[in-house]
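Student: All residue numbers for the sequence shown refer to our numbering, where the first residue is 8 and numbers rise by one.
Virtual Cβ for every residue (Gly too), placed ideally from N, Cα, C.
As the structure is a prediction and not an experimental result, all values here were calculated from the model.
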Amino acid sequence: MTRRQFSAAAAVAAAVAHSPGDLLAQQTGGGEPPAGAANGSPHDMSSMPAHWMGSEQIAFLIYPQFTALDMVGPHHMLTSLMGAKVHLVAKTRDPVQSDTGLAVVPSMTFDECPSHLDIVCVPGGSQGTLAAMQDDATMLFLKDRGSRAKYVTSVCTGSLLLGAAGLLEGYEATSHWATKALLPIFGATPAEGRVVVDRNRITGGGVTAGIDFGLTMVGHLRDRQYAEGVQLIAEYDPKPPYSAGTPQRAPAEVRMLIEGMFTGFVADAEKAGRTAFARFGRR
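1. Which one of A216, F287, S54 has the shortest CA to CA distance from L174?
2. Does the beta-carbon distance from S166 to T210 come in below 8 Å?
3. Can you check whether the CB of L95 is closer than 8 Å to the CB of F67?
4. With contact counted as at least three CB pairs below 8 Å, one residue from each stretch, are the region 53 to 67 and the region 188 to 204 in contact?
5. Compare the C-alpha of I265 against each of A251, E277, D275, A276 and name the closest.
6. Exposed or buried, what is L85 when buried is set at 16 or more other beta-carbons lying within 10 Å of its beta-carbon?
7. Excluding the 5 residues preceding and the 5 following G135 in the sequence, name in chain order all residues of the same chain whose CB lies nearer than 7 Å to its CB.
8. Relative to the C-alpha of V129, which candidate in G217, A279, L190 has its C-alpha closest?
9. Pull up the distance between the alpha-carbon of S161 and that of A57, whole angstroms please.
10. Could you check what DSSP says for S62 in three-state terms: helix, strand or coil?
11. Counting only runs that start and end within the region 61 to 102, where is the alpha helix (DSSP H) found for 4 or more residues in a row?
12. Give the C-beta separation of L222 and Q238 to the nearest angstrom, bearing in mind that I take them to be a contact with Cβ-Cβ under 8 Å.
13. Here's a check: name, in chain order, each residue in its chain whose Cβ is nearer than 7 Å to the Cβ of A234, leaving out the five neighbours to either side.
14. Starting from Y233, trace the alpha helix (DSSP H) in both directions and tell me its first and last residue.
15. Look at the alpha carbon of P49 and the alpha carbon of M55, and state the distance between them as a whole number of angstroms.
16. Excluding the five sequence neighbours on either side, which residues of its own chain have a C-beta within less than 7 Å of the C-beta of D219, listed in chain order?
17. Within a Cβ cutoff of 7 Å, which residues of the same chain sit near Y158, ignoring the five residues on either side of it in sequence?
18. Below 8 Å between beta carbons: does that hold for K150 and A180?
19. Compute the beta-carbon to beta-carbon distance between D205 and Y178, rounded to the nearest angstrom, for a pair I have assumed lies under 8 Å.
20. Is H83 buried or exposed, if buried means 16 or more other CB atoms sit within 10 Å of its CB?
21. Taking the alpha carbon of P81 as the reference point, which residue from S122, H123, G131 has its own alpha carbon closest?
22. Suppose the cutoff is 7 Å on Cβ atoms and the five residues either side in sequence are ignored; what does the same chain contact list for P258 look like?
23. Could you pull the start and end residues of the alpha helix (DSSP H) that I265 belongs to?
24. Can you give the beta carbon distance from V273 to A185, rounded, assuming they're within the 8 Å contact cut?
25. Tell me which residues share the same chain as P291 and place their Cβ nearer than 7 Å to its Cβ, disregarding the 5 neighbours each side in the sequence.
26. In the structure shown, what three-state DSSP assignment does G108 receive?
Structure below.
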């Protein structure tokens with residue numbers, strides 16, 4: 008059993024009281040229940056609540072120099088949704104290198120991606136995100152799929168791409184703390200919180216907030232017990248060794264150092280964001 012199969016099975020185990028002889032079905036996150044499930048085989052899941060088996064189509068947009076953890080955190084959570092199909096979508100099927108050099112292999116191209124998605128999720132980055140704003144194919148894909156998706160979502164500076172595509176106008180949203188003040192460029196209202204929900208726009212803060220975002224979506228699409236099972240199997244109980252994870256909590260000297268490092272990027276992001284929004288975001 009793979010990690011994904013085990014995680015999905017464990018989510019069910021956390022909330023279903025099976026008899027000692029019952030075993031949880033292997034579930035890939037995209038396939039049908041295993042053969043024999045209907046005839047009382049050891050993989051019988053007949054007592055599973057019907058709403059725990061879904062059929063969501065979920066797409067993560069990946070692009071050169073994106074931040075891997077922005078995608079990997081929520082990907083871990085969303086692939087635990089039994090029945091869901093989770094796609095890594097890029098311009099081509101060539102490996103996409105993250106901003107730390109981690110290569111990720113897409114599962115489909117823009118053209119191959121389903122036209123109607125339940126969730127489209129955009130991870131962030133730095134210079135890679137600004138380059139994506141200037142890429143016609145990437146922005147047109149995002150604008151098209153986002154216009155029909157049931158949930159339009161992002162992590163970190165991925166919200167800048169949503170905004171540039173015109174998908175956050177009139178919504179509250181968040182971003183990495185260094186770029187959240189840029190959201191009004193796109194007609195969005197910056198809001199507090201690691202995960203901000205405004206109707207079907209769901210945005211996560213910087214990097215690690217993607218895990219909270221993913222778990223929030225699991226609970227929303229299934230229920231609390233299912234999400235708690237996913238949380239437990241991930242042993243997600245963060246207790247960081249330092250208390251400097253937000254500008255408000257970080258020591259002043261650390262905050263000043265990091266804010267100074269972002270000055271040039273924020274200026275570049277504002278310029279690129281305004282240009283991209285003028286091209287792609289206006290209705």
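Tutor: In brief:
1. The shortest Cα separation from L174 among A216, F287, S54 belongs to F287.
2. Against a cut-off of 8 Å, the Cβ pair of T210 and S166 comes out as a contact.
3. It is a contact, given that the beta carbons lie within the stated cut-off.
4. Too few Cβ pairs lie closer than 8 Å, so no.
5. When each option's Cα is compared against that of I265, the closest is A251.
6. Under this definition L85 is a buried residue.
7. Here G135 has Y70, P71, Q72, F73, D106 as same chain residues with Cβ atoms under 7 Å from its own Cβ, once five neighbours each way along the sequence are excluded.
8. Per the Cα distances, G217.
9. Spanning the two alpha carbons is a distance of roughly 28 Å.
10. Looking at S62 - three-state DSSP - the assignment turns out to be coil, as it is neither helix nor strand.
11. The qualifying runs are 75 to 85.
12. Confirmed, about 6 Å.
13. L222, V225, G226.
14. From DSSP, the alpha helix (DSSP H) with Y233 extends over 231 to 240.
15. Confidence is the limiting factor: at P49 the pLDDT is only 49, short of 50, which leaves the residue's position unreliable, though a coordinate-based value still follows. When rounded, the distance between both Cα atoms is 14 Å.
16. Cβ neighbours of D219 beyond the five flanking positions: R201, V202, G211.
17. So the qualifying residues of the chain are D125, I126, N207, I209.
18. Contact flag unset, no.
19. The pair is a contact, with the Cβ atoms about 5 Å apart (cut-off 8 Å).
20. By the neighbour-count rule (16 or more Cβ atoms within 10 Å), H83 is buried.
21. Looking at the Cα atoms, G131 is the closest of the given residues.
22. Within the same chain, P258 has close Cβ partners A251.
23. Following the DSSP letters along the chain, one finds I265 inside the alpha helix (DSSP H) bounded by residues 259 to 283.
24. About 6 Å separates the two Cβ atoms, so the contact holds.
25. Outside the shown range of the chain (8 to 290) lies residue 291, about which nothing can therefore be said.
26. Coil, per DSSP.
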